[in-house]
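For the sequence shown, the numbering used here assigns the number 5 to the initial residue and increments by one for each residue that follows.
Just so you know, even glycine gets a beta-carbon here, dropped at the ideal spot from N, CA and C.
Notes follow the structure.
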Amino acid sequence: MNLLTFRTSNKSKLRFSSLNYIVRCMSWSSTDVRTTFINFFLARRHEFVSSSSVTPKKGEGTYFTNAGMNQFKPIFLGECDQTSKFHSLLRAVNSQKCIRVGGKHNDLEDVGHDLTHHTFFEMLGNWSFGDYFKAEACQMAYELLTEQYEIPVDRLYFTYFAGDKALNLPEDEDCKHIWLSLGVPSQRVLPFGSQDNFWDMGVTGPCGPCTEIHYDHVGNRQAASLVNAGSPSVVEIWNLVFMQYNRLPDQSLQPLPKFHVDTGMGLERMTAVLNGTADNYSTDLFMPIFHYIHTHAKCPAYQGGKNEIDTAYRLIADHTRMFTVAISDGVLPASDNTGHKLRSILHRCIHLCRETFNLDPYTALPDLASLVVKSLGSVYPEVVQNKEKICQVVRVSIEHHDKQRELAFKSFSKVLSKTGSQKKLSGDVILALEKGQYGNPVPIDMITELATSHGFDLDIEGFEKLREERKVDISSAPLTSAPERASTLVNEMVARGITLTDDSYKYLYSSLGDGIYDFSYLTSQTGACRVQGISGQFTVTEQLTEGEQGEIILDKTCFYSEAGGQDSDTGELVSNTGTFLVTYVKNVRGYIVHYGHTIDGSIQIGQLVEPRISQERREGCMRNHTATHLLNSALTNFLPTSQQQGSSVTPYKLTFDFLALAPLEINHVQQTESMVRDIIKQEYPVHQRTVSLEDAVKLPNVKVLQNEEYPDQVFVISIGPSNTRNPISIELCCGTHVIHTADIQEFCITQMSSKSQNVKRATCVTGKEAEQAHLVGSVVKSMCLLLVKMLKSEPVKDIEKLHKLISQVIRGLESRQERVDHTLSVLNVKSSGHRSEVESLKEDINKAKNLVDSFSDSLQLLENNAEPESLMRQLIKNLKKSQQLELLPKTVREEAHSCVENMEYKVTELVNKRLIAVLNEMVRREMDQFPSSVTTVVLNDLDINPRQMAKSLSQQGWGKCIVLVKKGRTNANVVFSLPLRSHKVLSKGEMDALVKEVAVNGTANAKLTSHNDRVSVYTISVQGDLDVGVLQACFEKLSQVQQ
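Next up, the structure:
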């Protein structure tokens, strides 16, 4: 956006009457409105601040950015540290992207049904942070409206705070007199109470009175009574908030040390005002969308009415703007939080395209999104940069919607079959549908759509109440994730004169080779100690004694605090009087807080301590963090539309979440893993440098996370040859990394799963874990080949080679087991977080070793000429177990799965052929030995199931009654056949009678298993004792019943 491009029309600075204003107000484009506002304040020493993302930053809740002030909250709350880009900001101006579809400000239900509400809108704003206050803010607002926008004063009304006795706040007479002094007639300066003219940031925090400016669309009348009365002809166009109080938890108000100004003007509404219309949608922000729909749908043009077609026009135009901006800022359709809101909006658009406009959403919605990109691209370049991604997400979402609706209809049909004459779905039925209790989960917007199409009402109130009641309370996070509320800690430290912690030492280390590092020796001084009480609250103390949990802040530290997805360091703080075990480290606005407990002696304020980090933990995090960057780069190489959504770096593994719009095939996983492994072998250097954020984002191919808040000075991590201008990977990152890629040692992708719609999660290991994973994988692959050879009756060679491979893998796993056991032995029992990670790794190693041992046993059986079919079944069983291993390459996992899927049926068929041959021989032998009317064979030693027994009887069609008995520990299966040439098919009554006689001391049930023109085969399952003699007598009797 060129902020210095002023409007070129030669506007007179005279104030026009309402009639002249109507004639002159038809030429304002939204670009003119926005640029005029920004340039006006730039000329008055305001600094332009780019719009923040509509995606909430980490820790900012689950709703979209819904106001211009969101990114400035740290200033208002006094939480800006010295590294913040806002630390010295006094005046600001911007146009902020905002979305309101949930929370306190939720405009979703009004959108489309009136002419002024939107889910996405732009908020123009100017701010003063402890600089100017009411007089200058009002004067500039008045000048902009009346001289730049040329709005006559007789169209405007100015409200101010009338005071509040309950809050013990007087009338804001200053504001009233400021407006009057600017020449506003007294009948246009109106007082209102707290509901309209007192603004709060939240339940607690900065707040203050505000003054609102309202516009009368009609003019030439006295409309004071319509201000704040909900009249569409008199609307608010600008709100100026004067933050001068801090609301405390007891709801009392204290004056702030510095007063601030926060203003907000909706671009869409102001554009409508300046074009002489009360309809925000009749402006250049929406009309291109309307024109496209009118042209392609062959429907009536938009008229600005309240009928169904105009409402649909507004809905689809508004929602297209919303989903275009949301997707460009990294939001993806999902089942929770902002993703759920986006998915609902997209579903609405799909429905409107098909049901109202008869448009194909696969074509229409990407086309409409492209129009939005054209409209907003010059102001918000990220929309243009992500155009391809936006269109692709939309298309994939439509595919997903159509598949989901098909499944939803099946679930909804089950509900319909149970409703009878009722035409209203209760809250519990709606919740059951949403949770998938009727089949597949159905989103609430789809339930609404299906219910409406079938003429059903919904008890939404009951549904919302039930859903709220069943929500899991996750508000209380573990202490290690938030040792204390930031504001309390910082206030205490500032009050005591404690300086911020210098943690630059966390980056001081050198490589000793083979992935081993030497970390800097450091002596620090304790600046503050806080002990944690039974209630969880922290209190400043002079010392922490043995057994006490608490926090320690140092003047400098080499400990890494949790950031950038990387786990914090653990370790010890050692003094000459005691040792403090550090289990978690957090950066609280520049203070590095070491959380843990004293395990020996005491640690005192002012004492010198030696910070000692857990070297194994740090080295693991360094390997995995650098590997995360390489994985990100490799994925982008094979999947150009992939985009990082999040990551987690721990000492023993890493997870990487990424957008995957195109199908992710196993060959992509193989290629990605191979590329990372190749880079590791190249021993490329890993460079870290500090640059300004402004310069960093301009670097070619640099990767920047969209929902991350960066300081003015950032670290750039680049990986590749030192003499290249195009590194393999370049990212903004504050994490710790290896110095050379060779120190990662090895890399393995062990899992690739779906985290949510269009988002995949790669789970990977490095170092010794990756080495072991690949070795275990080579064993599994060898067993797959062995199985194939055995099935084809090919000679199995190189058994000695397989034995050596397995022995090597077992030795490696045992060695790793010993190392892990040593780590566990030196870990304090109370180091629960780190200890649980190591115990989990130990379990993974044990599982891998047990499986490899099983394969070793299989080889031994092969050498001893064991029965081939039995050996093949054992191999299949173990290959199935391999699917549960953590330490196994994803590619090998898929190969083993495919092998089992292809071979299991063939092996089973082979085994069954042999078993059936044995069975038939046994039956024949019994028939020859006992030529009675019924032949009974007890099959205790033959591993054959009832279905195979029935199949054999049916295929053979013996000319007499055959009874096969397979006895288990607590039950028995009886399969018998009656030749149809001499016996009839038993009725259910006859079968029930037979069952009663067969079941001596238990229960039984029978069913007809198979039937052809020669024989009827029946199966009886008996729970309890079975007397074979009684069974024989029953069938002797049965055999006498001739047809």
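- For W183, the enclosing alpha helix (DSSP H) starts and ends at E177 to S185.
- At least 8 Å separates the beta-carbon of V400 from that of V329.
- Q152 sits in a helix when the DSSP states are folded into three classes.
- DSSP places K414 within a helical segment (H, G or I) once states are collapsed to three.
- In the DSSP assignment, Q619 falls within the alpha helix (DSSP H) that extends over Q619 to F642.
- The C-alpha of F125 is placed about 5 Å away from the C-alpha of C102.
- DSSP places I609 outside any beta strand (DSSP E), giving it a letter other than H or E.
- By alpha-carbon distance to L891, the top candidate from A777, L990 and R839 is A777.
- For P337, no beta strand (DSSP E) segment is defined, and its DSSP state is neither H nor E.
- Taken through DSSP and simplified to helix, strand or coil, K302 comes out as coil.
- In the three-state scheme derived from DSSP, where H, G and I count as helix and E and B as strand, D449 is classed as helix.
- Annotated as distal: D571 and C533, with beta-carbon spacing of 8 Å or more.
- In this structure, the CA atom of S844 is about 10 Å from the CA atom of Y656.
- Residue burial is scored here from C-beta neighbours: V780 has at least 16 other C-beta atoms within 10 angstroms and is therefore classed as buried.
- Segment contact: the segment 540-547 against the segment 809-820, fewer than three CB-CB distances shorter than 8 Å; contact not assigned.
- F263 is a Cβ neighbour of G134, given a cutoff of 8 Å.
- Looking at H121, S382 and I293, the one whose alpha-carbon comes closest to that of S54 is S382.
- Per DSSP, R534 is one residue of the beta strand (DSSP E) stretching across S528 to Q536.
- Here E552 carries a coil assignment [DSSP, helix/strand/coil].
- Beta bridge pairing from DSSP links N311 with no other residue.
- Remark: fewer than three beta-carbon pairs, one from each stretch, lie closer than 8 Å, so the segment 161-170 and the segment 287-296 are not flagged as touching.
- At a cut-off of 4 residues, the continuous stretches assigned as alpha helix (DSSP H) that sit fully inside the segment 833-913 are 836-867 and 872-886.
- Put simply, the backbone Cα of L119 is about 14 Å away from that of M291.
- When DSSP reads this structure, M73 sits in no beta bridge, so it has no partner.
- Contact between the segment 136-150 and the segment 229-245 is present: 3 or more CB-CB pairs across the two stretches fall below 8 Å.
- For A746, same chain residues with a beta-carbon under 6 Å away, outside a window of 5 residues either side, are E687 in chain order.
- Taking C-beta separations shorter than 8 Å and ignoring five residues to either side along the sequence, the partners of N390 in its chain run I331 and S332, following chain order.
- By the C-beta criterion, the segment 631-638 is judged not to be in contact with the segment 598-605, since fewer than 3 inter-stretch pairs fall below 8 Å.
- The Cβ atoms of L363 and A455 lie no closer than 8 Å to each other.
- Per DSSP, D204 is one residue of the beta strand (DSSP E) stretching across F202 to D204.
- With contacts defined by Cβ atoms closer than 8 Å, C214 and N201 form a contacting pair.
- As computed with DSSP, P195 is found in a beta bridge with Y164.
- DSSP places I723 in the strand class (E or B) of the three-state scheme.
- CA-CA distance, V1019 to V911, rounds to 28 Å.
- The three-state reading of DSSP puts E994 in helix, counting H, G and I together.
- About 5 Å separates the CB atoms of D266 and M73; that is less than 8 Å, so the two are in contact.
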